[in-house]
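There are 2 protein chains.
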Amino acid sequence: MKRSIHQNISVDCVIFGFDSSELKVLLVERELHDEKTGELIFKDRTLTGNHIYLHEELESAARRILDDLTGIDDIYLEQFFTFGSPSRISKEKDKQWIRSQGRNPDEHIVTVGYFSLLDINRVEIKHKDRNVAWYPVGEVGELGFDHNEILDKALSTLRDKLMKEPLAYELLPDKFTLTQMQTLYQAIMGVEYDKGNFRKKVAKMKYLIPLDEKIVGNAHRPPRLYFFSRDVYEFTRKQLFDFSV
Amino acid sequence: MKRSIHQNISVDCVIFGFDSSELKVLLVERELHDEKTGELIFKDRTLTGNHIYLHEELESAARRILDDLTGIDDIYLEQFFTFGSPSRISKEKDKQWIRSQGRNPDEHIVTVGYFSLLDINRVEIKHKDRNVAWYPVGEVGELGFDHNEILDKALSTLRDKLMKEPLAYELLPDKFTLTQMQTLYQAIMGVEYDKGNFRKKVAKMKYLIPLDEKIVGNAHRPPRLYFFSRDVYEFTRKQLFDFSV
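Chain order of the listed sequences is L and A. Residue numbering for the first sequence follows the numbering used here, beginning at 1469 and increasing consecutively. Residue numbering for the second sequence follows the numbering used here, beginning at 1469 and increasing consecutively.
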């Protein structure tokens, strides 16, 4: 059975990945060729997204699209914002692209944004369909549609979460060095921290527990390993900010 | 110029209000009458919401609907979640209602949820259009469409924010008693706190500053007033959870 496309609703996934040094985002190549001559009209990149089917759940659509493009079918996705500005599709090349898909660029299309954050070293892209690749978040250039705006909003949501929830420790190994931790924070926040100040802050955070173990190697002063105690974190947070007993 | 309605997109507003003792939500009455006889078919309540116009911004639509229904035109609205399940409109009376508006209940309609929290004592509903009133959140009964689900999601978003952000102090007077504060927390969280435990917690929170002033009156032991220090709150939070310098 051929499923009908919902003309007015799409989903877009902002899949962030950390590769131990940089924050990256998964983008898909978009190429428009002349129907007759086959000549390339333009080539650029967009977030992973597409229209949903009529009577399809929003999150199922997001998962289906991600799976079709990348073979990644089992990651945590969180809905973060819905974009519905009538000026979303105003660039001529976006209109051309939509027409080439047999759709009407003057439709008022609303897109529901999902985001995820994963460890690039632990995930394998299977490239089922189009060209999909990781790009550093600061080097994405001009994306199709309003996808730069969607990426910016996802990034600010991610940064806000990093400050309010113990998100960082899901991307760090169970035992980590302060250099690994500082690298992760810098990558996501997009800023450089002073090493001394960063370590002074860590020393105050009782939920970051220094271990006796050190990384084995040839280093003159092997770095100390730390452990994140979720119990101490929750206790500290609740004691200071939460009135539920 | 008559504006066309977007057949597939609506917005719904969950307007929470605190009246110094209870958490309430703004609901609108929905009445369906037989077209010929005028006889009442059903009467129930929904959140304040409606379809958007084609080429209208989502947030503008939310504000327009709220203004049309209540005359409230200037409150803080925050987008919190988009609901797009194909089973959203499955009850027979919801289908009847949609048909009575000249629309097709088999359309796959996605609704974008906005929420707000305001002080009922400081806002005046002007009842511009339909019957709109405040209801305690625990006594809303069965709402139209999937609005119980939307209300639940808004409530859990609000509770989560109350634990992670200094939201409570926007609804309390500048100087408040611990009883006022406990009442607010209980109303939003939907639980009762033990008075002694609540006060023990407050004593640990350096950003809640006891004043020398007390409420003047005939009470044998007039209650002490407290003040919320945003500076101390931010300092405490940053010192313990935030690595930005």
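Idealized CB from N, CA, C, for every residue including glycine. The model shown is predicted, which means the values in this text are computed figures rather than measured ones.
- ALA1671/A and PHE1486/L have their C-alpha atoms spaced approximately 41 Å apart.
- At a cut-off of 8 Å between beta-carbon atoms, PRO1554/L makes contact with chain A.
- In the DSSP annotation of this structure, VAL1670/A is not part of any beta strand (DSSP E); the continuous alpha helix (DSSP H) holding it starts and ends at 1663–1672.
- Neighbours of ILE1477/L across chain A, judged by C-beta separation under 9 Å: ASN1476, ILE1477, GLY1552, HIS1576 and VAL1578.
- With a 10 Å radius around the Cβ and a threshold of 16 neighbouring Cβ atoms, ASP1699/A comes out exposed.
- Contact annotation: in the segment 1523–1541 of chain L, residues whose CB is within less than 9 Å of a CB in chain A are HIS1523, GLU1524, GLU1525, LEU1526, GLU1527 and ALA1529.
- Under the three-state reduction of DSSP output, LEU1500/A falls in the strand class.
- Looking from the CA of LYS1669/A, the closest CA among ASP1710/L, VAL1479/L, SER1697/L and PRO1690/L belongs to ASP1710/L.
- The segment 1570–1602 of chain L is shown to contain whole beta strand (DSSP E) runs of 3 or more residues at 1578–1587, in chain order.
- Note that the segment 1488–1495 of chain A does not touch the segment 1483–1502 of chain L; fewer than 3 beta-carbon pairs, one per stretch, sit closer than 8 Å.
- CA-to-CA, the gap between LYS1596/A and GLY1517/A works out to about 15 Å.
- Around the Cβ of TYR1701/L, a 10 Å sphere holds 16 or more other Cβ atoms; the residue is buried.
- DSSP, read as helix, strand or coil, puts TYR1701/L in helix.
- When rounded, the separation of the alpha-carbon atoms in ASN1599/A and SER1528/A is 22 Å.
- Between the C-alpha atoms of GLU1507/A and LEU1500/A there is a straight-line separation of about 9 Å.
- Look at HIS1688/L here: in three-state DSSP terms it is coil, with no helix or strand label.
- Within the segment 1659–1673 of chain A, contact with chain L at the beta-carbon level (separation under 9 Å) is assigned to VAL1659, TYR1661, ASP1662, ASN1665, PHE1666, LYS1669, VAL1670, LYS1672 and MET1673.
- For PHE1549/L, the residues of chain A that pass the 7 Å Cβ criterion are GLN1547, in the order they occur in the chain.
- For GLN1707/L, the chain A residues whose Cβ falls inside 9 Å of its Cβ are LYS1669, LYS1672 and MET1673, in order along the chain.
- Secondary structure of VAL1493/A (DSSP, three-state): strand.
- Between GLN1475/A and ARG1571/A, the beta carbon gap of about 7 Å places them in contact (Cβ cut-off 8 Å).
- Unbroken alpha helix (DSSP H) stretches of 4 residues or longer found wholly inside the segment 1634–1658 of chain L: 1646–1657, given in chain order.
- Interface annotation, LYS1632/A: in contact with chain L, CB-CB separation under 8 Å.
- Along the length of the segment 1501–1561 of chain A, whole beta strand (DSSP E) runs at least 3 residues long occupy 1508–1521 and 1546–1551, reported in chain order.
- A distance of 8 Å or more separates the beta carbons of ILE1618/L and GLY1658/L.
- Counting along the chain, the unbroken alpha helix (DSSP H) around LEU1630/L starts and ends at 1615–1632.
- Interface residue (Cβ-Cβ distance to chain L less than 8 Å): THR1651/A is not classified as such.
- In this structure, LYS1563/A sits away from PRO1554/A, with a CB-CB distance that is not shorter than 8 Å.
- In the DSSP secondary-structure assignment, TYR1694/L is bridged to PHE1644/L and PRO1678/L.
- Chain-ordered listing is empty here: chain A has no CB closer than 8 Å to the CB of ASP1562/L, the nearest sitting near 16 Å.
- Distance from HIS1576/A to LEU1522/L at the Cβ level is roughly 5 Å; contact confirmed, criterion being Cβ atoms closer than 8 Å.
- Straight across, the Cα-Cα distance linking ASN1616/A with GLU1610/A is about 7 Å.
- Interface annotation for the segment 1578–1598 of chain L against chain A: VAL1578 and VAL1580, criterion Cβ-Cβ distance under 7 Å.
- Contact between PHE1613/A and LEU1693/A does not hold, since their C-beta atoms are separated by about 44 Å, which reaches or exceeds 8 Å.
- Think of a sphere of 9 Å around the beta carbon of THR1625/L: no beta carbon from chain A falls inside it, the nearest being about 12 Å out.
- When 8 Å is used as the limit between beta carbons, THR1704/L is near these residues of chain A: LEU1708, in chain order.
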